[in-house]
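J.:
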């Protein structure tokens, strides 16, 4: 029966005042009881059979904007909820009535009301889009287009016409937003496929019609910039023009927004489901990688006629020049921002919109010419210094100009320097980038000088941000060009591209780098001398600043020789100034001049490290090819080469002077720990790349060093490199003896020993007295608390005892690694054995004392300190070597001792964690090298440790008091379980195990793993589940265990099985895509095993267990169907989702399927949709399963 659209005198209309009052209360800050009453009343009248008619009638007659907004809101919700109760004609009539009301009242409606009404109309159109015929779709699209067409452009149109144009622009923008992405669309109570299909259909017809007219309209609107600026000036004296000017500005701002949305629209063919990244084209949730790669735009090729015209670029840039002046006068910063966004988008065009590469390059040239005109006539030169708003627009303009140049460079890449295509263009572009860099650096230097003279805190360095954008693009161009040149070299044996274009890339680079380094050193100095309240703000940007610095260091390698010379000159000048100040000052106080010099030296040393070595943390650091090429010059005096001199200056001369001052006066106030840290850090970086032992003949990096002047850093007997290593050990020894309490300095010094031990360079100092003193002191020295109560010992023992226990462990790792990575001799074996025997003796004595004095030892601080120290020392030895039997034997023998310590000293949570860390690291490093017999003993000790730990945390109070500690501990337990499982797959032991031993080892391992998981699960409270890292480890461990032992999983006892399955379902619904994917993989492993066992007639447990499995599978099926068909999901979960669902379908009984889909026809429809959605991901998996 057709419903009447004429409202009768219903309860809502009879109580109009009450309804309005309830709306006003609901949207105001009123007491909760009044809000509840108003909400209850509004809900009570929503069940009326004439509710839509009444709501629309109230919308027409009410004068309260709040009531209008509420009427629109409830109208949309009610009609969408009852959508299928109305015929298509009735729904179309509602859309028509709302549209007529909007057009007739647009001049009188508040903006937020008209926006809500527009959104409602578009949502209804989208909901009906798939039901519309092509003609009906065209009619709906033509409504806003005709509103634009019926009115002219400019100030001659009436105010009513301008209002209609504004509505039309907002309408088009709303349409693009609603159809563009489900994440931004309004709720329609429909599956995600409805959004996807509507978007695809709209892209095939409606989008094209909108773009066809809008680009033409927008072009004409931009050409009206001169008239806009003229009327803007007239409106300052003629008030009648102000309203018209404001309307035109709003129209222009809205049009810019639409243009931005259209250009960002991802156009994909409806004939395929996959895009270039091999992800579903209709899944609109971007991954992090897509967001990073989404720098360039590939507009639809059908838009070529409008977007690639030569005058489009000219109009865009010319109109922006007018708009920026208007924005300054009207303080419309967003309008200027949108104008610049369009220019950035133009610089980002690529793809099929261009017929060929030449067309693309010509278009980019036009963009460059427009950008060049802006760069040479920036807004900052046209405004007064006192206009804060104008200055903000001007500074952002320069930053965006740099962004445009950056997009141009990254868009064209190494083609910029190709001789046949656009070499002249590339050369001009680099020339302008260099000029702009120098100008911006001069602005930064002037700002720094101003702040230093006025003693003002440092403000936003916008010019530095702009410079770093340009240098980043320059660096990317150099990398692309160099890579392309290396490819050509490999193909034809010539490196002409690098040789020919190296000079273009180097053009004025030395001037830019020199000025940049000078500016940054002055800025660092200024930061150090500013007030303390700015420190937090500076630290917040430290990561970003480090990234930029690494990029600029890469760029500096384009001109290795000149940049190395610049760094040498600057470092030597500062070093001379430092020597002068230290010798001239009579007192022992740190002065502002010294602070400034140390800050400058710190920055230059850090940049030197990044410049000379960018990848020093890998096991085999890589030598930069550019530096290798620069160092291949034949010279008589190798030490005179700039790169060699620079390395020696940092690693020897600067460090030597500071160490001598430290040894002379350790308590001096003029020592800078901050500078010392960077010296050790950069020295470690350089040694990892350049200093290597000659015994490592198979190392390719050493072969590369031998072909250049850098061969001086290869350690051979009586060589300069050996003297350098001995000198570095001496520096570390000086710091250990004189500055044991400077934790960071000691940490970086020990890291230097770690680096030298990794490269084998320490082999030349293993017999020196200093090294033996360090080894002996680290093994025998007690903790600082114990040293204060003992008799006097040597200075080395006293100093080592004051080093934090964690660093003592690192030092032990360096000691053991130096022995294991060098050529093993009898002396080294004896030295290491003596060190380990000392640890063994201390551990036995400690445990004997604890067993004899249990009650007293539990509260004995000295016992706790000694226990933690021994744990750290043993952990260091564990991490140093995988295959050294001496280390493995001692740690295996110490394992039960430490487990016993944990059982006795339960009160010290720090000790418990260190014991967990030791066992975790021992299992992770050494378990794969143990025999089955030893492995079983390790499994049992791990089980005892897990039970001991869980008994400590039985009370809830223990959790709340140490939440972060509990999180850290449980993560260590998860790592332990994972390491245990890995041993099942990886085993490097030399001993042969019998079949019975192997089976027993596997059985015990599975028992320990599931028992450990059963102990840990109760510890995962709601509070701990709030920690993302812990939650991820938790579900990853569950997935790993189920994947490794699906047969054991299916035979667990009922309560534990139910607990695990509930956790899997919980993880599938987690907001993190990684956790959801992990749990789907766990489910897939489980159901795959279940199906295989079912197909082969294998027993699957008692009837009660099978019943619980069937209930779990049913819940999992419903959950996956809901996620895949009704929700928007991340594409990364699709494969595990498909695998799990396919196997669930295979093992579901027919009655379970009909419980989900009561009608057999629905089952058929479901299977068809499922096949089209999922089976393209299953072909390989299905074959494996069958």
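In UniProt numbering, the protein residues as written are 1 to 1186.
Glycine included, every Cβ here is placed at the ideal spot set by N, Cα and C.
Keep in mind the model is a prediction, meaning the values are calculated, not measured.
#1: Near residue 299, what residues of its chain come up, given a Cβ to Cβ distance below 7 Å and the 5 sequence neighbours on each side ignored?
#2: At which residues does the alpha helix (DSSP H) containing residue 778 begin and terminate?
#3: Between residue 525 and the rest of its own chain, which residues show a CB-CB distance below 6 Å, the 5 nearest in sequence each way excluded?
#4: Can you tell me where the alpha helix (DSSP H) with residue 1026 in it begins and where it stops?
#5: To which residues of the same chain is residue 923 closer than 8 Å at the C-beta, ignoring the five residues directly before and after it?
#6: If you run the structure through DSSP and keep just helix, strand and coil, what is residue 680?
#7: Taking 8 Å as the cut-off, does the segment 69-87 touch the segment 111-127 (at least 3 CB pairs, one atom from each stretch)?
#8: First and last residue of the alpha helix (DSSP H) that includes residue 723?
#9: Could you name the residues of the same chain whose beta carbon sits closer than 6 Å to that of residue 1078, not counting the 5 residues immediately before and after it, in chain order?
#10: Whole angstroms is fine: what's the gap from residue 624's alpha carbon to residue 657's?
#11: Between 170, 362, 800, which lies nearest to residue 425 when the distance is taken from Cα to Cα?
#12: Do you know offhand how far residue 751's Cα is from residue 479's?
#13: DSSP three-state label for residue 122, please.
#14: At what residues does the alpha helix (DSSP H) containing residue 336 begin and finish?
#15: Cβ atoms of residue 1028 and residue 1080: under 7 Å apart, would you say?
#16: Quick one: Cα of residue 734 to Cα of residue 864, how far?
#17: For residue 16, which residues from the same chain have a beta carbon less than 6 Å from its beta carbon, with the 5 sequence-adjacent residues on both sides left out?
#18: Is there contact between the segment 60-75 and the segment 105-123, where contact requires at least three CB pairs shorter than 8 Å?
#19: Alpha carbon to alpha carbon, how far is residue 613 from residue 775? Give it in angstroms, no decimals.
#20: Report the residue from 660, 566, 736, 371 whose alpha carbon sits nearest the alpha carbon of residue 409.
#21: In the structure shown, what three-state DSSP assignment does residue 300 receive?
#22: For residue 351, count the other beta carbons within 10 Å of its own beta carbon; 16 or more makes it buried, fewer makes it exposed. Which is it?
#23: In terms of residue numbering, what span does the alpha helix (DSSP H) encompassing residue 909 cover?
#24: Between residue 175 and residue 122, is the Cβ-Cβ spacing less than 7 Å?
#25: Helix, strand or coil, according to DSSP, for residue 1153 in the structure here?
#26: For residue 410, report the span of its alpha helix (DSSP H) as first-last.
#27: Measuring only the C-alpha atoms, how far is residue 831 from residue 722?
#28: Please determine, among 708, 1132, 802, 816, the residue with the shortest C-alpha to C-alpha distance to residue 753.
#29: Could you give the DSSP three-state label for residue 563: helix, strand or coil?
#30: Look up residue 349 in the DSSP assignment and give the residues it is bridged to.
#31: What does the alpha-carbon distance come out to for the pair residue 933 and residue 819?
#32: Given a cut-off of 7 Å on the beta-carbon distance, is the pair residue 440 and residue 564 in contact?
#33: Mark residue 198 as exposed unless 16 or more other C-beta atoms lie within 10 angstroms of its C-beta, in which case mark it buried.
#34: Straight-line CA distance for residue 357 to residue 415?
#35: So, helix, strand or coil for residue 692, using DSSP?
#36: Are there 16 or more other CB atoms within 10 angstroms of the CB of residue 305, so buried, or fewer, so exposed?
T.: Reading from the atomic positions:
#1: The answer, listed in chain order, is 263, 307, 349, 353.
#2: DSSP places residue 778 in the uninterrupted alpha helix (DSSP H) bounded by 769-780.
#3: Counting only Cβ-Cβ distances below 6 Å, and skipping sequence neighbours, we find 596, 599, 600.
#4: Segment: none, residue 1026 is in no alpha helix (DSSP H) and carries neither H nor E.
#5: Result list for residue 923: 938, 942, 976, 979, 980, 983, in chain order.
#6: Residue 680: helix per DSSP, three-state reduction.
#7: As far as the Cβ criterion goes, the segment 111-127 touches the segment 69-87, which means the pair count is three or higher.
#8: Per DSSP, the unbroken alpha helix (DSSP H) holding residue 723 starts and ends at 720-738.
#9: Spatial neighbours of residue 1078 in its own chain (CB-CB distance under 6 Å, excluding positions within 5 residues in sequence) are listed in chain order as 1035, 1036, 1039.
#10: The alpha-carbon atoms of residue 624 and residue 657 are separated by roughly 29 Å.
#11: Per the Cα distances, 362.
#12: Approximately 31 Å between the Cα atoms of the pair.
#13: Three-state DSSP puts residue 122 in a helix.
#14: Taken as a continuous stretch (DSSP letters only), the alpha helix (DSSP H) holding residue 336 covers 333-346.
#15: No, the pair does not count as a contact, with Cβ atoms beyond the cut-off.
#16: Using only the alpha carbons, I get a separation of about 29 Å.
#17: So no residue of the chain qualifies.
#18: When Cβ pairs closer than 8 Å are counted between the two stretches, the segment 60-75 is seen to touch the segment 105-123, the count reaching three or more.
#19: Each residue's Cα considered, the two are about 30 Å apart.
#20: It is 371.
#21: Coil at residue 300, not helix or strand.
#22: With fewer than 16 Cβ atoms within 10 Å of its Cβ, residue 351 is classed as exposed.
#23: Per DSSP, residue 909 belongs to the alpha helix (DSSP H) from 909-926.
#24: Annotated as proximal: residue 175 and residue 122, with beta-carbon spacing under 7 Å.
#25: Its pLDDT being 44, under 50, residue 1153 is placed unreliably by the model, and the measurement read from it follows with that caveat. Residue 1153 carries a helical assignment under DSSP once its states are collapsed to helix, strand and coil.
#26: Per DSSP, residue 410 belongs to the alpha helix (DSSP H) from 388-412.
#27: Using only the alpha carbons, I get a separation of about 21 Å.
#28: Comparing alpha carbon positions, the residue from 708, 1132, 802, 816 closest to residue 753 is 816.
#29: Helix.
#30: DSSP, once it has assigned bridges, lists 297 as partnering residue 349.
#31: Here the alpha carbon of residue 933 sits roughly 28 Å from the alpha carbon of residue 819.
#32: Between residue 440 and residue 564, the CB-CB gap reaches or exceeds 7 Å.
#33: With 16 or more other Cβ atoms within 10 Å, it is buried.
#34: For the pair residue 357 and residue 415, the Cα-to-Cα distance works out to about 10 Å.
#35: Under the three-state reduction of DSSP output, residue 692 falls in the strand class.
#36: Residue 305 is exposed by the Cβ-count criterion.
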